[in-house]
Amino acid sequence: MGVVVVAAGSGTRLGASRPKAFVELRGATILEHALRGVLESAPGELAVVVPEELVGEAQQILARLDLAGTRASVVAGGAERSDSVNAGLRALTDASRHVLVHDAARCLTPVAVFERVLAALRAGAEGVVPGVPVVDTIKVVDASGHIVSTPLRKSLRAVQTPQGFARDVLAAAHAAGAAATDDAALVEALGYAVLVVEGDERALKVTTPDDLARAERLLAGA
Ligand code: CTP
Ligand code: MG
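Residue numbers for the sequence shown follow our numbering, so the first one is 61 and each next one is one higher.
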């Protein structure tokens with residue numbers, strides 16, 4: 061199995077002085093926390109995608125970690141998340157039949173989530189994403205702010221990463237070149253079935269300063 065970790069975003073909403081994955085969280089960068097979690101799932105190969113100017117720093121982070129046989133590489137990302145995923149996919153060999161795409165910003169994702177995604181892929185799913193029930197009632201609104209519809213809350217899931225796919229399915233989805241905020245949407249658009257497995261609250265995406273504080277509390281066990 062191959063894993064692409066996307067860490068090439070700038071972190072605009074976090075508003076720190078460095079790109080988000082290189083911000084410290086209790087003594088280690090967000091990227092280092094994320095990679096430790098990924099390596100627990102023992103991938104055959106790993107592509108870490110970072111801003112071009114931080115490739116060297118990411119290589120130093122990898123050098124400090126126990127790779128335990130994982131073939132790892134660091135590559136520069138692109139302007140959009142999907143460009144960064146593509147760069148990561150190109151860095152993987154053809155050896156991996158399954159590929160997981162993971163946001164470095166979900167740096168505290170438990171290994172059990174990786175295992176659930178992988179188990180479903182190995183059982184034959186074409187695409188698998190972790191998801192959690194939503195607590196708010198979600199409205200679809202139009203450009204003027206008026207409500208168009210109210211989807212049934214129990215049918216909704218907030219999805220997380222790692223998102224796993226058969227490698228050729230993900231490559232075809234990205235080759236189609238559409239824009240989306242997650243990989244599953246591209247795969248769904250091609251008509252493949254994507255399964256949602258149980259996610260985890262600890263797979264939160266560090267997006268705002270409040271999220272960073274929450275991640276700090278989680279790490280502290282508070
Ligand atoms: N990402 C990436 N390349 C991009 C944009 C995003 O690799 N061009 C990665 C981020 O590093 C992050 C994940 O995709 O791990 C999810 O993106 P997001 O949380 O939106 O991170 P940023 O784009 O960095 O944050 P913001 O949107 O606030 O600028
Ligand atoms: Mg973004």
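Backbone N, C-alpha and C fix where the C-beta goes; we use that ideal spot for every residue, glycine too.
Checklist entry - For the region 162 to 176 against the region 199 to 212, are there 3 or more C-beta pairs whose distance is under 8 Å? => result Contact check between the region 162 to 176 and the region 199 to 212: fewer than three CB pairs, one atom from each, fall below 8 Å, which does not count as touching.
Next on the checklist: Beta-carbon within less than 6 Å of G97's beta-carbon, same chain only, minus the 5 sequence neighbours each way: which residues are those?
Outcome noted: Here residue 97 is taken as the residue at index 37 of the sequence shown, counted from 1. The beta carbon of G97 is closer than 6 Å to those of T169 in its chain, skipping five residues each way along the sequence.
Checklist entry - Which residue from E276, G187, T268 puts its Cα closest to that of G75? => result What you label residue 75 is simply residue 15 of the sequence shown in a count that begins at 1. Measuring from the Cα of G75, the nearest candidate turns out to be T268.
Checklist entry - Between K80 and the ligand CTP, is the CB less than 7 Å from at least one heavy atom? => result What you label residue 80 is simply residue 20 of the sequence shown in a count that begins at 1. True, at least one ligand heavy atom lies under 7 Å from that Cβ.
Item to check | CA-to-CA distance, R124 to L250, given in whole angstroms | outcome: Reading the sequence shown from its first residue, position 190 is the one you call residue 250. Reading the sequence shown from its first residue, position 64 is the one you call residue 124. C-alpha separation (whole angstroms): 40 Å.
Next on the checklist: Bridge partners for G38 per DSSP, in chain order?
Outcome noted: Summary: the structure shown does not reach residue 38, with the chain confined to residues 61 through 282, and so no result is reported for it.
Item to check | Chain-order list of residues whose beta-carbon lies under 6 Å from that of V194 (same chain, five-residue window excluded) | outcome: Against the sequence shown, residue 194 aligns to sequence position 134. For V194, where only same-chain residues beyond five positions count, the Cβ hits under 6 Å are L216, A218.
Item to check | Extent of the continuous alpha helix (DSSP H) to which D163 belongs | outcome: As a first step, residue 163 must be located in the sequence shown, where it is residue number 103. Note, D163: premise wrong, no alpha helix (DSSP H); beta strand (DSSP E) at 158 to 163.
Checklist entry - I121 and E92 look like a contact to me (Cβ under 8 Å); what is the Cβ gap, rounded to whole Å? => result One-based indexing of the sequence shown puts residue 121 at position 61. One-based indexing of the sequence shown puts residue 92 at position 32. Going by Cβ atoms, the distance from I121 to E92 rounds to 5 Å, so yes, they are a contact pair.
Item to check | Under the three-state DSSP convention, the category A76 falls into | outcome: Walking along the sequence shown from the start, residue 76 turns up at place 16. Coil.
Next on the checklist: Cutting at 6 Å between CB atoms, please list the residues of its own chain near V108, excluding the five before and the five after it.
Outcome noted: Translated into the one-based positions of the sequence shown, residue 108 becomes position 48. Counting only residues of its own chain and dropping the five nearest sequence neighbours on each side, V108 has a CB closer than 6 Å to the CB of V65, A118, V134.
Checklist entry - By Cβ distance below 8 Å, which residues in the same chain neighbour A231 in space, the five residues on each side in sequence not counted? => result Here residue 231 refers to the residue found at position 171 of the sequence shown. The answer, listed in chain order, is L149.
Item to check | Environment of R73 [buried if 16+ CB atoms lie within 10 Å] | outcome: Taking the sequence shown and counting its residues from 1, the one referred to as residue 73 is at position 13. Exposed.
Checklist entry - Quick one: Cα of A151 to Cα of G205, how far? => result Looking up residue 151 in the sequence shown gives position 91. Looking up residue 205 in the sequence shown gives position 145. Those two C-alpha atoms are separated by around 42 Å.
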